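Note that the sequence shown covers residues 1442 to 1775 in the working numbering. Structure, as structure tokens:
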Amino acid sequence: MIFDYAFIWAGLIAFAVLAYVLLDGFDLGIGILFPFLKTREERHLAMNSIAPVWDGNETWLVLGGGGLFAVFPLAYAIVMPALYPMIIVMLLGLIFRGVAFEFVHRTERMKSFWEFGFWAGSLSAAIAQGLALGTLVQGVSMANRSYSGGYWDWVTPFSFLTALALVVGYATLGATWLIVKTEGELLARARRFAKPLGLALLALIGAVSLATPLLRPEYLQRWFGWPTGLYSAVVPLLLAAAAWALLTGLRDNHTLRPFLATVAIFILSFAGLGISFYPHLVPPSLTIWDAAAPDNSLKFLLVGAAVLVPMILAYTAYSYWVFRGKVRPDEHYH
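And the structure:
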């Protein structure tokens, strides 16, 4: 076989998930920070900073979820029953958030209600995603190629730790995005938010990183065994460099560096998950190749992906380029 289609598709889906986390992450982060913005004008400006791009950012979630269903149907069939409560809460949160985003600019009498809805939808979606991540990392019970766990297997200290880490991470992305996109008092407020959030994020990443190898023996081997531990050590070293870039960028009042450093922290954390998971798609025993559809299906779908993914990347890059620069209080996107 010239190409390992299952491996290629695993990489594409991982890329789609990472793109969603990064791009929709700062949208959700702004929603999480919403109650802490002092005035309605600041909240309006914060929403305007994401108005041109927020709905396009969610394209990657559709690509990741749809790709998992089409390309790794067995993984989809096992993961969905394990994550139903989180998936339902996440989708309801994203829907309510989207409705609130549109309605908040079209009403005066219920403006406070829709502002609350934007915050509640963002926070509930972020918590649900973090719980789902923690549930996957700690492993999913399987028997006879189906989910064999209980309805409440996701309720563990580790899953709640990952949920807290993701909420804080999204809030950090949101604060650093506001540093890039705003001026004046809102910029100063975002800087004040970013430092404690960044420190809390680094502490929570450290806690999750220490707890993860203790969940399963294979995780411990990949991180601390020989010679795998030697290669894995690159990730925490790069993470330390990204943390330094974040904190010094905030200290020196850089505009773009804190956001890029936070993005790097997310990418490196995602790489750490890859080290723990590979070659499993669903820990502890379902590998990429076990879960994959037949090669003929993978090749057929790959043709579509070869057209679709560059198109999504192109219009995403173009939209960010068109709406680059600081957001002004007198600009409106609704």
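Glycine residues also receive a C-beta, built at the ideal position from the N, C-alpha and C atoms. These numbers were taken from a predicted model, which means no experiment stands behind them.
Assignment of V1458 by DSSP, reduced to helix, strand and coil, places it in the helix class. With a cutoff of 9 Å on beta-carbon distance, I1620 and V1676 are scored as not near each other. Contact between F1544 and L1722 is ruled out by a C-beta separation of about 39 Å, above the 8 Å threshold. Assigned with DSSP and collapsed to three states, L1722 falls in strand. Here A1612 is near L1474, since their CB atoms are less than 9 Å apart. Relative to R1698, the option among W1667, L1743 and R1632 whose CA is nearest is R1632. When the alpha-carbon of G1575 is set against those of S1600, S1587 and Y1446, the nearest one is in S1600. C-alpha of L1532 to C-alpha of G1766: approximately 31 Å in a straight line.
The region 1449-1463 makes no contact with the region 1580-1591, as fewer than three CB pairs between them are under 8 Å. Counting every other CB atom within 10 Å of its CB across the protein chains shown gives T1480 a total below 16, marking it as exposed.
When beta bridges are read from the DSSP output, T1728 appears opposite H1721.
M1531 carries a helical assignment under DSSP once its states are collapsed to helix, strand and coil.
Comparing alpha-carbon positions, the option among G1470, V1494 and I1529 lying closest to Y1759 turns out to be V1494. Cβ neighbours of A1569 within its own chain (closer than 6 Å, five residues either side excluded): M1527, V1530 and M1531. When secondary structure is reduced to three states using DSSP, M1583 falls in the strand class. Assigned with DSSP and collapsed to three states, Y1588 falls in strand. Secondary structure at L1642: helix, using DSSP grouped into helix, strand and coil. Taken in chain order, the whole alpha helix (DSSP H) runs of length 4 or more contained in the region 1459-1531 are 1481-1491, 1495-1498 and 1500-1512. Taking C-alpha positions only, A1566 is separated from N1694 by approximately 31 Å.
Distance from L1515 to A1732 at the Cβ level is roughly 4 Å; contact confirmed, criterion being Cβ atoms closer than 8 Å.
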